[in-house]
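Q: Start counting the sequence shown at 6; every next residue gets the next number (our numbering). By construction, the Cβ of each residue, glycine as well, lies at the ideal position given by its N, Cα and C atoms. First the structure, which I've put down as structure tokens, then a few questions once you've had a look.
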Amino acid sequence: MWRWVRQQLGFDPPHQSDTRTIYIANRFPQHGHYVPQKFAENRIISSKYTVWNFVPKNLFEQFRRIANFYFLIIFLVQLMIDTPTSPITSGLPLFFVITVTAIKQGYEDWLRHKSDNEVNGAPVYVVRSGGLVKTRSKNIRVGDIVRVAKDETFPVDLVLLSSDRANGSCYVTTATLDGETNLKTHIAVPETAVLQSVANLDKLVAVIECQQPEADLYRFVGRITISQQIEEIVRPLGPESLLLRGARLKNTKEIFGVAVYTGMETKMALNYKSKSQKRSAVEKSMNSFLIIYLIILLFEAILSTILKYAWQSEEKWNEPWYNQKTEHERNSSKILRFISDFLAFLVLYNFIIPISLYVTVEMQKFLGSFFIGWDLDLYHEETNEKAQVNTSDLNEELGQVEYVFTDKTGTLTENEMQFRECSINGIKYQEINGKLVPEGLIEDVPDGIRPHLTKEEELFLKAVCLCHTVQINTDQTDGTGDHLWRANGISSQLEYYASSPDEKALVEAARRVGVVFTGAGPDSMELKSLGKPERYKLLHVLEFDANRRRMSVIVESPSGDKLLFTKGAESAILPCSKHGEIEKTRIHVDEFALKGLRTLCVAYRRFTELEYQEVEKRLFEAKTALQQREERVTEVFNFIERDLVILGATGVEDKLQDKVQETIEALRLAGIKVWVLTGDKHETAVSVSLSCGHFHRTMNILELVQHKSDSTCAEQLRQLARRIKEDHVIQHGLVVDGTSLSLALRQHEKLFMEVCRNCSAVLCCRMAPLQKAKVVRLLKTSPEKPITLAIGDGANDVSMIQEAHVGIGIMGKEGRQAVRNSDYAIARFKFLSKLLFVHGHLYYIRIATLVQYFFYKNVCFITPQFLYQFFCLFSQQTLYDSVYLTLYNICFTSLPVLMYSLFEQHVHPHILHSKPTLYRDISKNAHLGFKPFLYWTFLGFSHAFMFFFGSYLLMGEDTSLLGNGQMFGNWTFGTLVFTVMVITVTVKMALETHFWTWINHFVTWGSIVFYFIFSLFYGGIIWPFLHTQDMYFVFVQLLSSGSAWFAIIIIVVTCLFLDVVKKVLYRHLQPTSTEKAQLTETGTSINCLDSMCCFSDGETACASLRRMLERIMGRCSPTRVNRCGISLNCLCCRRFSYKLENEEPAAIDV
């Protein structure tokens, strides 16, 4: 426990060195001075709380919110000093908010605990004391030998020792880690691969030295030292030897492995990366408004305190005889009295800060996020995928996007590769009827006759079949016989799996042509060339990496030749090539790219015996190094992959997804700039950008590519800036590659940003994953601070998805890493328009109104309390009863605005989707800017003045409003003000509502009814636990007065009439495009809010009625079309134009 505390405080870091030493089966050295290293337990902890720390930790997190902390201070002040209101008025709402949030967070954490316990308690088998022992997963220690059977998941990170296969190989799927469903081959070192029994493994004496835990799933550096009699054998360990926790064993009966990383140190646990908390623009505005209202509160409290002492300073206003101060009060410090009075006024006015705003916003975001998952328009039937919400905190941010950064492959395209063309030995070929036919030559060879291949064609196809990571489903190919082969020797039933769709397309194309990849073992690869089986010995695999942009294999052919086959990007292959048709291949690659095809170059090298021995020696030294292994391995790979002979190139088509062009055009109409960030070569990326509408044919394409120095890059940027200024009328598109981008961002960031901002579309090609994130960060942190959205489908898009304000993952074919790390996930790019233009628009309008309305109703609530102090000589007398103070935000006014924020549709979703320009109306936080904030605040103060002075004028001169002459008191006056206020703010919410459901009706009118019923019940009974009965029979007396009813009606109508007039005038004189769109419907009929909009056929109305009809047209709800059943030509005798769904203007007689 003490060690754990020291680790948490940073005094005792668990790992003192860069490497860890693991003794297999925990056979530690016998000499006395050895101290075993301390390793983590195999216990996964994804929960935040424990039974012991839940209350303090949760309270600490909740009180970090400024509003919660503020109300806690107010509550403590009420407890410590004599304040005009009961501590319950602040304590109860605070307790409610804290409790609701704690229950929600506690339940979520309980689910995490439950999941952790299931994982940690799973049964496993460990080799101990010469036998297999069944234990729980949490009891595995580093160094234990663990047995895992077929289809089981690995409970820890294991180094593979042996399997049921003689060569020590096994197949694994890592779908739960990176989403890749292909089978990956893992291999044990030869010395342990033969130890296939528990008894033999128990005798193993070996030590593993490896790096300390890190999150990279694809990196592992280590070595194993095996003691055999008098010698020690050292073997390198890499990612191919490591079996990751969470991965699943496939097509292998059982394996044995030694635990190297356990618990929270496994790679899976280290990838539980807590994403940086993203905050929406609305939340930032909300916090700004809170600070402004806090300043208003302090001003009111200070002003009231000063005015109180100013009044008391005059002799004539000395304390009355019934309220004289005690001797102690007269002798107390004036400063302390001033502070005490200031705090009392602070408590009296504290409800101007809406405590329930946070919990309402949280509920709105949480409940509202379900609508995205339920939207059938975002459901993709082919893949059975629906939209997914990973965080509900950013719903409204979907309505504020200004820049979209998108990947190309798998996002704009289908990531379904189809082989189209290739270049072999300088000749272009097309595939026709399963045969390679030179360009321009159309030959028709009957099916069933084996196609003839030249020596160069066959070598090219063999290179394609040998240089890849494709796997074959062994469940289908077990017992492969002649029935799997057609007459021409081509497989008809082999099923390939590949992490790269390109590789799968190429291997399948080679199979159709006649060279079939039939299987691979740990040290061999088999293929059939025109029906003739061939077996190649696999000597080394030089894995693909983003820097080299190529992969290679070294094989020994059946004739004994040592061959290197390499494939990769043309920029990585052609510079390393010395022989072959290099220039012709380069020309063909550019032609393929112009057609929008994805290109790869294929080359080979033949080693002499001396050359191969040098290669073998260098590879062994690099792979067994513990320090800087990756750099040394890369250096050796570059040494090997040189002096290549170019064989040819391939062109693979990745077709565009459905409706990509329409979606990009819609985004452009909405004022959103689209940037495409891709790793593809320049020509391919430009071709796809043109085909998907990202670049228009009439657009002036500017290029910033192939720059090697700062000076040339800067000069090109200046030229581009001048061209844009000279041709400012024309739309410009910019193409920039990865190397030029690095130079531009190094010293010329401002100039580069100026060029980009003046371009309608930007395409960045040859981009590394971190460069994508850097570009997003560059825009995000620019002076304009635009809201950015990044969308992609692969692991290489994760960094930009996490960097952008909103990250969207595409459920594509490159795994699920992008989906897991995103804020939202959709199945196709075309769904982005509905997500932004409909859901984003509506969420923003809802929450913007919710936030503004909350401040408005609280200003209405507390301003009469402030005004009342001028009439009670600042005695801190409260205007409202404590129960009303407590329940105003919790019960009386909370549900209508919550339902509004869930169901409101101010414009029909179809119109929002079909008219992207409406998105511009809400851009740049338009509804939560300073002007709307001032309007709602002014409206709150004006309504509050009307509540107070309207009631005062109607009751101030003559308080004998009852029939028996009985006078009203201050509680009756306060209740009248409160009643008017509850009705007004509720009806105000009704006026803001455009889309009415039965739920809206129920909570809106039900809230008013509930207030009346509650007040009658509360004031009609003497409550024994209340120390005062101030409200007894007050509400009943108030309602028994006709004058009070008249006051309520006249004040409510007066308040809302001015608001309605303002809305009508603005709609008539300065309508927004959104208000105009509220008239547009999918059909040819409109349903109006008021019955006077509807007339029988043939009827006309007078001019005044027609003018009134025009004004209230903005109140027509497009969601209730056809309910009235009246066509446009039966409203009034007036002609106006509107737009139908197909955007054709139509003149309508009405």
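Excluding the 5 residues preceding and the 5 following I867 in the sequence, name in chain order all residues of the same chain whose CB lies nearer than 6 Å to its CB.
A: Translated into positions along the sequence shown, residue 867 becomes position 862. Same-chain partners within the cutoff: Y354, F356 and I357.
Q: Going by DSSP in three states, E407 sits in which element: helix, strand or coil?
A: Here residue 407 corresponds to residue number 402 of the sequence shown, with the count starting at 1. Coil.
Q: Enumerate, from N- to C-terminal direction, the unbroken alpha helix (DSSP H) stretches of 4 or more residues contained entirely within the segment 972-1038.
A: Within the segment 972-1038, the complete alpha helix (DSSP H) runs of at least 4 residues are 975-997 and 1003-1024.
Q: Please look up how many angstroms separate the CB atoms of V131 and V151, rounded, as I've assumed it's under 8 Å.
A: Within the sequence shown, residue 131 is the residue found at index 126, counting from 1. Within the sequence shown, residue 151 is the residue found at index 146, counting from 1. So it is a contact: roughly 6 Å between Cβ atoms.
Q: Please report the residue range of the beta strand (DSSP E) in which N705 lies.
A: As a position in the sequence shown, residue 705 is number 700, starting the count at 1. N705 -> beta strand (DSSP E) spans N705 to L709.
Q: Can you check whether the CB of H918 is closer than 9 Å to the CB of V843?
A: Within the sequence shown, residue 843 is the residue found at index 838, counting from 1. Within the sequence shown, residue 918 is the residue found at index 913, counting from 1. A contact, by the Cβ cut-off of 9 Å.
Q: Quick one: Cα of L1074 to Cα of F1000, how far?
A: As a working mapping, residue 1074 is identified with position 1069 in the sequence shown. As a working mapping, residue 1000 is identified with position 995 in the sequence shown. Answer to the nearest angstrom: the Cα atoms are 24 Å apart.
Q: Go through its chain and collect everything with a Cβ distance to E196's Cβ below 6 Å, but skip five positions before and after it.
A: Locating residue 196 in the sequence shown gives position 191, where the first residue counts as 1. For E196, where only same-chain residues beyond five positions count, the Cβ hits under 6 Å are I231 and I238.
Q: For the segment 214-261, list the beta strand (DSSP E) runs that are entirely contained and at least 3 residues long, ordered along the chain.
A: Complete beta strand (DSSP E) runs here, min 3: 227-233, 236-242 and 253-255.
Q: Find the nearest neighbour of E614 within the set S576, T590, L568 and E588, judged by alpha-carbon distance.
A: Start at 1 with the first residue of the sequence shown, and residue 614 comes out as number 609. Comparing Cα-Cα distances from E614 to each of S576, T590, L568 and E588, the minimum goes to L568.
Q: So what does S167 bridge to, in DSSP terms?
A: As a first step, residue 167 must be located in the sequence shown, where it is residue number 162. S167 pairs with F261.
Q: Would you kindly work out how many angstroms separate the C-alpha atoms of R771 and P218, rounded to a whole number?
A: Taking the sequence shown and counting its residues from 1, the one referred to as residue 771 is at position 766. Taking the sequence shown and counting its residues from 1, the one referred to as residue 218 is at position 213. Cα to Cα, the separation comes out at about 31 Å.
Q: For the beta strand (DSSP E) holding L794, just list the boundary residues, first then last.
A: Along the sequence shown, one-based indexing puts residue 794 at 789. Note, L794: beta strand (DSSP E), T793 to G797.
Q: Leaving aside the five residues before and after Q666 along the sequence, list all residues of the same chain whose C-beta is less than 7 Å from its C-beta, in chain order.
A: As a working mapping, residue 666 is identified with position 661 in the sequence shown. Cβ neighbours of Q666 beyond the five flanking positions: C697 and G698.
Q: Classify G378: buried if its beta carbon has 16 or more other beta carbons within 10 angstroms, exposed otherwise.
A: Counting from one through the sequence shown, the residue named residue 378 turns up at place 373. Result: exposed.
Q: Along the beta strand (DSSP E) that carries T523, what are the first and last residues, could you check?
A: One-based indexing of the sequence shown puts residue 523 at position 518. Run containing T523: V520 to A525, per the beta strand (DSSP E) assignment.
Q: Residues in its own chain within less than 6 Å of S167 by CB, not counting five upstream and five downstream?
A: Mapped onto the sequence shown, residue 167 falls at position 162. For S167, where only same-chain residues beyond five positions count, the Cβ hits under 6 Å are G173, A193, T197, A198, L200, Q201 and F261.
Q: Rounded to whole angstroms, how far is the Cβ of N395 from the Cβ of Y848, which I believe are closer than 8 Å?
A: Mapped onto the sequence shown, residue 395 falls at position 390. Mapped onto the sequence shown, residue 848 falls at position 843. That pair is no contact at about 16 Å.
Q: Decide if R723 is buried, meaning its Cβ has at least 16 other Cβ atoms within 10 Å, or exposed.
A: Residue 723 sits at position 718 when you count from the first residue of the sequence shown. Flag for R723 reads exposed.
Q: When DSSP builds the beta bridges, which residues end up paired with C769?
A: Start at 1 with the first residue of the sequence shown, and residue 769 comes out as number 764. According to DSSP, C769 bridges with L682 and V741.
Q: Beta-carbon separation of V520 and C472 under 9 Å?
A: Locating residue 520 in the sequence shown gives position 515, where the first residue counts as 1. Locating residue 472 in the sequence shown gives position 467, where the first residue counts as 1. Going by C-beta atoms, V520 is not nearer than 9 Å to C472.
Q: Going by C-alpha to C-alpha distance, which of E46, R553, C175 and G653 sits closest to I432?
A: Taking the first residue of the sequence shown as 1, we reach residue 432 at position 427. For the residues E46, R553, C175 and G653, the minimum Cα distance to I432 belongs to G653.
Q: How long is the line joining the alpha carbons of E588 and D595, rounded to whole angstroms?
A: Counting from one through the sequence shown, the residue named residue 588 turns up at place 583. Counting from one through the sequence shown, the residue named residue 595 turns up at place 590. Approximately 11 Å between the Cα atoms of the pair.
Q: Can you tell me whether DSSP reads H932 as helix, strand or coil?
A: Position 927 of the sequence shown, counting from 1, holds the residue named residue 932. If DSSP states are grouped into helix, strand and coil, H932 belongs with the helices.
Q: Since G148 contacts I29 with CB under 8 Å, what's their CB separation in whole angstroms?
A: Locating residue 148 in the sequence shown gives position 143, counting from the first residue. Locating residue 29 in the sequence shown gives position 24, counting from the first residue. Yes, G148 and I29 are in contact; Cβ-Cβ is about 6 Å, under 8 Å.
Q: Answer yes or no: do L907 and G1011 have a C-beta to C-beta separation smaller than 9 Å?
A: By one-based count along the sequence shown, residue 907 stands at place 902. By one-based count along the sequence shown, residue 1011 stands at place 1006. No; because the gap between Cβ atoms is not below 9 Å, this pair is not in contact.
Q: Give me the Cβ distance between V681 and L672, rounded to the nearest whole Å; I'm assuming they're in contact under 8 Å.
A: One-based indexing of the sequence shown puts residue 681 at position 676. One-based indexing of the sequence shown puts residue 672 at position 667. Actually they are not in contact, since the Cβ atoms of V681 and L672 sit about 12 Å apart, beyond 8 Å.
Q: By the 10 Å Cβ neighbour count, where 16 or more other Cβ atoms means buried, how is T786 classified, buried or exposed?
A: As a working mapping, residue 786 is identified with position 781 in the sequence shown. By the 10 Å Cβ count, T786 comes out exposed.
Q: Thinking just about the alpha-carbon of each residue, which of E513, L543, A514 and P538 is nearest to the one in G526?
A: Position 521 of the sequence shown holds residue 526. Nearest C-alpha to G526: L543.
Q: Looking only at its chain, what residues have a beta carbon closer than 8 Å to the beta carbon of C865, apart from the 5 residues adjacent to it on each side?
A: As a working note, residue 865 is residue 860 in the sequence shown. Contacts found: G945, H948, A949, F952, M986, T989 and V990.
Q: Can you check which of these residues, M904, E401, T418 and V153, is closest to I1004 by C-alpha distance?
A: Indexing the sequence shown from 1 puts residue 1004 at position 999. I1004 has its Cα closest to that of M904, out of M904, E401, T418 and V153.
Q: When you compare only the Cα positions, how much space is there between F410 and L707?
A: The count along the sequence shown starts at 1 and reaches residue 410 at position 405. The count along the sequence shown starts at 1 and reaches residue 707 at position 702. For F410 and L707, the distance between alpha carbons rounds to 19 Å.
Q: Which of the three DSSP states, helix, strand or coil, is assigned to P128?
A: As a first step, residue 128 must be located in the sequence shown, where it is residue number 123. DSSP places P128 in strand when its eight states are reduced to three.
Q: Restricting to Cα atoms, I'd like to know which of Y617, E288 and L308 is closest to L878.
A: Stepping through the sequence shown from its first residue, residue 878 is reached at position 873. For L878, the nearest C-alpha among the options comes from L308.
Q: Rounded to the nearest angstrom, what separates I1018 and Y873 at their Cα positions?
A: Here residue 1018 refers to the residue found at position 1013 of the sequence shown. Here residue 873 refers to the residue found at position 868 of the sequence shown. Spanning the two alpha carbons is a distance of roughly 26 Å.
Q: Below 8 Å, is the gap between the Cβ of S956 and the nearest heavy atom of the ligand HEM?
A: Summarising the ligand content, the structure contains no ligands, and the ligand HEM is consequently not present.
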